[in-house]
Structures are given as C-alpha cells and as structure tokens.
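So the sequences go chain by chain: A, B, C and D.
Letter 103 of the first sequence, counting from 1, is numbered 1597 in our numbering, and no numbers are missing.
Letter 86 of the second sequence, counting from 1, is numbered 90 in our numbering, and no numbers are missing.
Letter 59 of the third sequence, counting from 1, is numbered 70 in our numbering, and no numbers are missing.
Letter 306 of the fourth sequence, counting from 1, is numbered 328 in our numbering, and no numbers are missing.
Built from N, CA and C at the ideal position, the CB exists for glycine as well.
Each remark here refers to the structure printed beneath this line.
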Amino acid sequence: MSRTHVTCTVNGDPVDFLASDDTSLLNALRGELGLTGAKEGCGTGDCGACSVLIDGRLNCSCLVFAPEAEGSDIVTVEGIADDDHLHPLQQAFLEGAALQCGICTPGVLIAAKALLDANPDPTETEIRYALAGNLCRCTGYDKIIRSVQEAAVRLKGAAR
Amino acid sequence: MRYAAPTTVDEARSLLAEHPGSRVFAGATDLIPQIRAGRPAPPVLVDLKRIDQLMTVLHEDGQWRIGAATPTSNLTRNRDFTAMFPGLSEAVGLIGSDQIQNRSSLGGNLANASPAADSVPAMIANAVQAVIASGDGTRTVPVAEIATGPGQTSLADGEFIVEFTVADPPSNTSDAYLRMIPRTEMDIAIVGAAVRLTVDGDIVTDATVVLGAVAPTAVTVPEAGAALVGAAIDAGSIDGSAMDTLADAASAACDPIDDKRGTVAYRRQVAGVMARRAAAIAVGRAQNGV
Amino acid sequence: MPRVHLMSDHRRFTDGEAVVESEGATVGAVIADLEQRYPGLGEALTHGASAGVNGEIHAEPHYLEVDTDTDIYFVAPLTGG
Amino acid sequence: MTVAADPPAYKWVGTRPIRHDGYEKVIGKARFAADLDLPGQLHAAYLRSPHGHARIVSIDTTTAAGMPGVKAVVTGADFPDLDPTDPNFDVSVNVMARGTVLYNGHALAAVAATTRAEAAAAAAAIQVEYELLPVVLTLDESTADGAPLVNEHNVTKFVESDGPSNLATVNVLERGDVDAAFATADLVVEREFDTAHVHQGYIEPHACVVDVGPNGKADVWASSQGHFMVRSLTAATLGWEPSRIKVTPAEIGGGFGGKTTIYLEPVAARLSEMSGRPVKLVMTREEVLRATGPAPASKSRVKIAASNDGELTAIECWFGYSVGCTNDFAGLIGAMSVASYKFPNLKLEAVGMLTNTPKTAAYRAPSAPQAAFAIESVIDELAQSLDMDPIGLRLRNAVEEGDPTAMGMPHPRIGFIECLEALRDSDHYRSPVPDGAARGVGTGFWFNIGEQSSATVNLNEDGTATVITGSPDIGGSRASMALMAAEELGIDVYRITPTVADTESVGFTDVTEGSRATFSTGMAVVNACRDLIEELRARAATILGVEQDAVTWVDGAAVADGQDPLPLSAIAARAKSTGGPLTVTASLNAAGAGPSFAVHCCDLTVDEETGQVAILRYTAVQDAGTAIHPSYVEGQLQGGTVQGIGWALNEEYVFDDDGSLENASFLDYRIPVASDLPMIDTIIVEVPNPAHPYGVRGVGETGIVPPLATIANAVARATSTRMTSLPMSPPKILAALDTP
C-alpha cells in the first residue's frame, strides 16, 4: 500500500501526517491525529457521524481519501469552541438536552454549524433537511431541531 | 492501491494509460462504499478534482459548461443555473445529503451508471452533452448514450468525462424532476421522472419525458412527450386527458425489477404519477417564466 | 395457606388446576411442597419462572417470605431492552 | 408538559440541569470504545458465513496465519464447548460458530493483525468447506410439517418436548371462558397481522479493546448496556472465572436492548491471549446489521369481542415470533401482557420459533410492540364499528389498580386512565383533524424491571460528592442519579459528580435494561445517601457535642437546637478528625418496578397515488411515575416514538433465499431521518410508583409500544384500508389500496 505525506490545517493548527492511500480522512483524523470526535457509524456516508468541514464545506470524512486533504482547511467538532467558550450550538445542545448517547452529536453539531454559517435564519423545515444526513437514533430529533433554532437566535443576537 | 491527483487532463490520461484498471473519481461517494463492500481495488485512484477544467462552471455564448467533477452543491447554489434549469437543479439537489452533495458530481453520477441516478433523467431531458477525454482528444456524446446498463457504460478503458455542455433553454421552456423515495431524504429513487416542456400561450408545444429507476438505464418516453404536445393549458393545468395519456405512456415504458427498494407493479404505477406531477410543475414554470 | 396461581404452561402438572394451595413460609418452601404433590412442577417453577407477590415481581424468589394468605403468581421470566 | 395530580415539593428532582457528562460529549472528548487505542494494539476482523445454514466441514487457517501482519487466528476450536443446557450456550455459539453456521453472517473465525486491512485480508483468505443445509427463514417455514431443523441443539422451553425442534418457547395465559363469550358477543373483530425483523439501529457499532496480560488477567474496554454482563458472558464463553476479567465501561453510543449481550469480547480476549498484545475489535455497519440485534419478526391473530355499549368481553390471541437461530429470547411474556383492558375472558398464546436468521436481541420493550400493533388495531376497528371515540372505548375498559394483569396478579398503582385522560384533554386531541389528514390513537404497556444495583457515595473533602454506580448511562441516567443525590443530601446538583465505574470499583450491577437504571440504581443511590446522612449526623453530633438523636438533617446541613446549622461541607472538611473518610455503599435487588403506560396520538396524510405517509403531528403521553430529569424523560418518549414510527413505516430486514441480508446498510435499512418527522410533543403523566422513594417507574421502553398501531389506525381512517402488515412502506400501502 502506498502512503502519502499530507499537509493540511486542522482546527487552525498546521499538521502533517503519513496516510495509507486507501484510508479515509476519518481514519487519519482519528488514528494519525488522535482527534476521535468524529465517529464512524457506517463508513458509507449514510449516517453523518463523521461529518467535518473541509474548506468550509460539510463532508462525511469517511467518504474522503486521506490524501485528498492535502492543503485543505479542516474543522472537526474539537475545533468549534473558542478557547474559553463553547460554540452557541454546543451550549444550546447542552441546555436543550439535544443529546442522549452522544455518538451522533459531533456530526450533528458540525452539520448544524455548516447550516447556520450559510443560513443564519433557517426555518424548521430547512434545519430538518440540512440535518437529514445525520442519523440520530436516541432523540427523535425534536430536541436537536429546537436546540439548533435556539442557537440560531443566540447567534443572531450576538451578531447585532 | 495508489492515490494520484493530476492537475491536467493529459496527466490523468497518462495515468490511466499506464495503469490499466485504474479508476477516476470525483466525490468517491459510490467508489468508497464499493471498495468497502469488497469490489476489487483499482491500482491507481485518479482524483480529478485538482484539474481546473473539471471543477469549473461557466456560462457563456448561450451555453453552460459544467466541469464533470464539480460538486453538485455548486450547481444548486448557482442562482443563474437554478433559474434556467430548475428541474436539473432539483435532481442534483436530491443526490444524498448536504454532505454528499458537497462531493457528488454530474460526472460521477453518470459514470457510475446506476439506473436510479437522479441527475441523469434530468440531463437527458435537457439534451445535455458529455465531453469525454478520449485517446489524445475529446469526443462529445449525448448523456443518454453513456450508461448502457446497471454499472455499465459506453466509456472505453482510459476514457473519462471532462465536462458537460447544455444550451440555454428556449423561451417559455422549463423543467422539473420528481422522484419517489420511501423517506424524505437519503434514499435511492424507486422511480424518477424528468419533464422538460415548452409552451406557447395556453398550448404545450414541445415536451420530453425521461424516467429513472424503472429500467436498466434512464429511458426517454417519446409517447409521453407526444401526449403533451398540443395539449391545452387551462388556468395553469394541462388538459387532463393528455395527462392521463402521458401517465399511461410512462407506465407502459417501464421495464423495472423487483428489488429491496420496490416492486415492478409499484414502479410501473408510480412512474405515471411522478411523470404527471413533474409535468404539472414544469408547465407552471414554463408559463411563468421561472 | 399461600395460594399459588399457575401459568397455563404449568397446569399440566396439576391436572389443569389454575390455583392450588400450598404449605411453606418461603417461596422456596412452597415450591418444595408443590414438587412433592405434583412431581415435576417444583422443577419447572425453579427454572424458568418468576414470582409475583404483593404486586411485585421477583426474579429469584426462593427465600422470599410468604404468609398464609399470600397469593403467589408464577409467571414466565421477564426481560427488558 | 407535565400532568401531575399533586406535585411534590422537591428542590432538585424534576429540574433540568445540564447533564454532567454533556460537556465532553459536545466537544468531542467523550470516550467511546472505538476511540481507545493502546500501545502495541492489534486490529481484528471476522470471517462470517456467506450461507444461511451449513455444516462446517473444515476450516483451514494456514494461509491466513502466514499473511503479512497477522499475529493470531481463532476459530470455534479455540473456545470451550458449553453443554447445550448451559444458560450461556446460545451466546457462546453465536460468538463463534461450532460445527454449524446457523445464519448468514455467523462468525466462524477471526484474525488479529497489525492493521485492520491486514486482518480483513487474512480473514478473507481463510478457507472453509461447507456442507449446505436447508435454510429456514420465516415463521411459516419454521412451523411447517417436516420443516428442516434450524438448530439441532434447540430444546423447547416451558412445555414437554421430545427432542430437538424449531419450537423455542410456548407461553399461554388464560382466564374465563372465551368460547362462551365469543358465542354471545354483540360484535367480534378478528384480524391477522405480521411484522418484519427490525434492528435497534444504534449509531455506534459494537466495539471493544481487550488486553490480556501475562498474568492471564484481561482488561476489557467495551461498549455495552452492562459491563458486569460483559464480564460474566465473556468469562462463560472463554471458560474462565469472571474475576480474571476487569471490564471498564466506555461511553455507549446507543443500545435500546441490542447491547444487553456480547459478540466481540471473548474473541478479542482469545486473540490478545494468543498474540500477547492488546486487540481492538470494531464491527462495521454491515456486520452490525447482519449479525447483531435484531428484534423478531412476528405473525399474529387477534380476536376481540365487545358489547354494543362498548364493553370488551373477551380476547383471544396467538402471537408467533421468529426468534432467530437460538433459543434464549425471554421476552414472549411481554407480548401477552399488553392487553391492558378488563377482559373477563382471555386466552393468549405466544410461541417463539427458530429461523436461520441472526439471534435476536431485546429491543426496548421486547415483543410488546408487535403484539400491541395487533391488539390496538383491533380495538380501533371495534371503536370504528361501534362509532365510539377511540379514547372513550379505551377509558371504558382500561385497567386500574387491583384489576388483574393478563398474568392474573393484580395491577399495583398504575396510570393508564390518567394517560388516556391526559390525551383526551390535550390540545392535540381537542384540535380538529386537519383537512385531508386522519388521526390515530394507540396505547402501550410495559412492566419495567428491577434487578440488582449498587452505588457508592464518596463525600470529598471540599464538600462535593462522587456518586459511583455500575449502570452504563445511555440516555442521561447520570444526571438523574445526581439529582436524586442532590435532593437527599441537600447540596447543589453541580456539587455532585456521577460516574460509572468498572467491575472492580463498584458493586455488581445488572444491565441497563428494562427501564431500570433510574428506578433500581437510583434507589441504591438514595439508600447510600440516606446512610451517608446518618453518618453525617453522627459526625455532626461529635462536632457539636450533642447526641446524634438531637441532630436532624435539613437542607444540606446538620441542625441541632440552639446551634448554628452545620453545613455538609463543614462536616466533610472535618472527616479525618471525626472518624475518617465519609464513604457509603448500598446494594439491592429491587422489586416493585412500576408498570408504565403510554397513549399516543398521530395526525397523518396518505398520498393515495404513491402510498407515502406524512406525519403531521404526534403526541406521546406516558406515565413516568416521577420525572427526575424531565428533559431526558421527554427524550426517551420522543426517541422511542420515532423508533416506533420507523418500525411502522419503513424499517425491515430483506433476506434473499439463502438468508443473506440484502439491505445491510443505513442507505437501505431506512431509519427515520430528521426531515421525515414533525416535532414529537410529549405529555408526562406522574402517578408515583409507591415502591420507589421518588416514585420512579422508568421510562425507557414503553414509548416504542404504541406507535405501530397508532400509525396503522390513522392510516385506516385516512384510507378506509386497514394495514395489517408492517412496515407500511409505500409499495405495500399502494398495493393494499389497489386491492378491492
């Protein structure tokens, strides 16, 4: 198996690692970089637990070959809080009990961030479709949707 | 297995020529699951996304040129494209989740040759052409001629799609795409239907109906299109008997299979429903200049 | 005497009787008494039955104390998800 | 919203603090089993049967053992053969096939290698010669005369049997005279129903890391609903004493009953023992769907009699469950207990049949949803025929305290009527049904269970308390433990750290199942706190120079007449001088689990041209006893409801003729996605369970029981077509609509 030296930015930090050419970005993040926030729920892009932002765009990191990350800017769930403050989504999820087991939570937070970055004022339907690629089996989605709505309100308030 | 990221079409051509059995990819949204499922791994994975031409969307001289590896979300976010081809934009917007649409491409959706590929009926309805890197040059063929069966294409070894071209639609022309899936998202189409039509006042003057997921490849249904041509439009609705003929023709054109996703009878029946509903949407758009 | 209510599955040992009286100060003693009078029943109740006593179901009721007017309901074991 | 007749005055119980383990989970630091890597760790992969039923003629691992990176290979020969009468026999043969593969996907070898890819490649290189045996996939095939034997070791439970058969279990409950009642009834409705296999669908695949040291002791990190269960089943499968194994519970990424058993740990342990290195074993999603779970498929016949004024007079049911390839599914009694009405005449029979499909596992209230689908559908049809309000019919017949359960014993204090009334009086039910939509109602019941729990409470020198239990926290139970401890001790809930400790650091605790964690483990926590308060009163008496009897515990402080209150923190600070560390442990085997009822209501539309159902509005009402942390109670109701919606509409196992699962992915095993659903409104009814210090009943399971019938009943009213087969997928609905 060939291996590729990959240089990229993860959560603001320049990093480099050696990855097997057939391995996924998810495996590289978890294995080479020790960032285990993104989870593998399916490995086929159907559950969204491995969601990360690559150059600002939402991706399933299980569907990206690790060498593709060369030169890119990656954000994982470990990188969305400020040094001292949780991201408003993280805070809203805690207060709104939007997680039960928590395995889908990293991916849901990233997908919700991608949504709110692009659309600060989404409707309930827009939130539901934006999160349709993120399976959650515990919550029935209700409290997730409400917490994204709450975070959107707070982010708009902060932006004013 | 080795990963390669050529930056020119010629470089990609050479890699494929030197390493028979290698695969080009853009989003890999089908390739990675296939490899996981035990499909033999190609010697070289040729990533097409570093080639500018394949990642570019251009609108000039009355036609669109869409790089074959461009993420479909670039199309759905392109207001001009979506205004001109609302149905095609709808179709590419249905290929998986937001995560998938940031990876999936027209080239991949077509070359993967799934009978259920959402973009393909909509591309065929709009007479989209595929520009293929072939030998030392390129050849251009209608999209309808690429897929020949499930997982089978007319692309020769070493050939790959570079870009798609599509002419701006004539005035009073629009399109729509609908599909049937059991959930609201994240499924493979059981039936897909694309309709493009042109109106002149309260008369349909031209119509193309293309179905997906009901035969080994997407199928154009001339009888369904013909059923609409000349049909009267009353208060935004196409004449009911023409729509019935359209639906019957669509159902009759189906050559589906029973599988885990749907039955023959279901696909046949719902193909007519989807075609009729897509036509109803398309006519509204064509009349209102949307 | 404690009254013992049997599931249909166990009534084959009692000639179809659904409720039988028994002796014993604990469920275990009751089961031993039943085994004497209905051979095989004690064994069946020891393995694969829980006991409902005073509105509460006990999975391993052997040493559970009962008094003379207690109703004991033997039921198939429960599980959960 | 919460409905409580007489709200008790608690300071902490019933509030909604941020859960203590939440922070790690939102920043991506919570450690699930697959997140752990040990130095020198190997990765393992399985070889699984490509056949539905076959004798293993030979397994040749020679080639595999010599492949790059391979350090160990195991087959069934590396595990002791348990006696078929051993209670762990079925788990043991499911972990690794011996002699025969019983379903497509059955594990029959595993490889540990330096990388996962090497392990997978080597596993694929193991050569197996099979002698194919007949495959039995459905209940009908299993019960047919002359049906091939699914599992030669199966001995029927609960009835006399003469040798192996496909019959797993028979349970019968009866009272009164159903034949006479049917003969004289005003109205009788009888229907047959069927449901497909469904999977629990937790997002986290099974995972573990096992390190067997040179001393023979095994360190296990595992995702499970009960790490003491993992210890005992792993030990049994390996032929070890349990004390050789220490199991540390990882965070668990969903279970729903599917992680109440083991699959991986003995395999990883043996590979680690053979290689001398830690071994990580993680299932793929395909493996999860092919070889874990599922819940049984079912067929049923339900016949109910009613009088013209709506009295239900008799019920006769037969429920058949295909329990998979082994016979340790103990849920059938639950199937027969959902007939929650005052039937004077009742005959219920449930049978479990073996099939060459994956060994089934519990799924929330195991076996109840399938039965409630049938019974509640027939009840609804009776309401339609009698032109009665569906809640009115149920209220007329609902069981209450003292009425006999299906099993005969009287119900304790229950809240079925309160739940029905809460829905009847809800905004949802009082609102008109939207144009073009229809409304359905359904109910559900589950026992809940008690079992063994332990808790240790350590009072720290800074006046905080650590609450240690052995119950893996799947849905927020740590927060509930902290709330009950805060209430007892009278300190701020954030001054309490609830943790789940390994098998060597806390007393034995049964699996988090049966909605029992907050009930039983909560009771252990309360007991420990009360013992701690006794000790604190004694210490305070020493400090204050009074008799212990003169000290009372009020709002987190020791109070004695004429003295300033002595807060807990002050006593904690003086632990050393007053007798040493303040630590208390309580253990119990809880009885008195409080049965739980749920009543659901759904508005939906059916697209009669495509058969697609759209759910517009949904309300779930459930008796929680007391909601310790209402947000997580709501979450349990909502999660169970949506799993039930998936079960009703689109989830099903699709097997080919050889028992190969055709839809072993989240693409084609269609669990609901966010855009499929509306908000799930909840109404928590609080009828306290008298057997629990805070009235807890447990809420995890009941919520999945009503949705199947609730949706079917709405579909029946929307289309005038009664769907009796699940899932009600678009093709099935359209076919039913087209059938005259």
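Host alpha helix (DSSP H) of residue i (start-end)
i	result
D/F530	D/F530 -> no alpha helix (DSSP H), and no H or E assigned at all.
D/K598	A597 to T600
B/I150	Careful: B/I150 lies outside any alpha helix (DSSP H) and carries neither H nor E.
B/R200	No alpha helix (DSSP H) holds B/R200; the beta strand (DSSP E) holding it covers V195 to D204.
Close beta carbons around residue i, own chain, < 6 Å, minus the five adjacent residues each side
i	result
D/G614	A713
D/P109	none
A/I1548	S1566 and I1568
D/G717	G647, T648, P710 and N711
D/T122	R77
A/T1530	R1524
Own chain, CB closer than 7 Å to residue i, minus 5 neighbours either side, in chain order
i	result
D/E163	A169
D/A523	I490 and G492
D/A361	I337, L368, L370, I397 and A428
B/H63	D84
D/A508	W34, D514, V515 and I518
B/S93	L79, T80, F85 and T86
Those residues which DSSP pairs with residue i across a bridge
i	result
D/P426	D/P432
D/A135	D/H65 and D/V92
D/W340	D/R323 and D/E371
D/Q474	D/N611
A/L1580	Note: A/L1580 sits in no beta bridge, so no partner.
B/I237	B/I242
A/S1518	A/F1559
For residue j and residue i, the rounded distance between their alpha carbons
i	j	result
B/W68	B/S178	16 Å
D/S344	B/V195	33 Å
D/D449	D/E723	25 Å
D/D629	D/V635	6 Å
C/F85	D/E371	16 Å
D/V117	D/G277	18 Å
C/L52	D/P318	30 Å
D/A758	C/D82	49 Å
D/P432	D/G424	5 Å
A/C1598	A/N1628	7 Å
D/I148	B/G155	30 Å
D/N480	D/A328	58 Å
B/T80	A/P1582	28 Å
B/F89	B/A290	11 Å
D/R253	D/A56	18 Å
B/V218	B/A117	14 Å
A/C1595	D/I274	6 Å
B/D259	D/T534	51 Å
Terminal residues of the beta strand (DSSP E) in which residue i lies
i	result
D/W243	A240 to A244
B/W68	Q67 to G71
B/M184	T177 to M184
C/I83	D82 to V86
D/D629	S618 to D629
Cβ shell of residue i (< 8 Å), same chain only, five flanking positions each side left out
i	result
C/A36	E76, V77 and D78
D/R596	R561 and I565
D/Q474	F530, T531, D532, S542, S609, L610, N611 and A612
I'd like the ranges of any beta strand (DSSP E) spanning at least 3 consecutive residues and lying wholly in the region 184 to 224 of chain D. 189 to 197 and 209 to 217
Runs of 3 residues minimum, wholly inside the region 1529 to 1556 of chain A: which ones carry the beta strand (DSSP E) assignment? 1545 to 1548 and 1551 to 1554
Continuous beta strand (DSSP E) assignments of at least 3 residues falling wholly in the region 542 to 601 of chain D: 574 to 576 and 579 to 581
Please specify which runs of the alpha helix (DSSP H), each continuous and at least 4 residues long, are wholly inside the region 1586 to 1651 of chain A, giving them in chain order. 1599 to 1612 and 1618 to 1624
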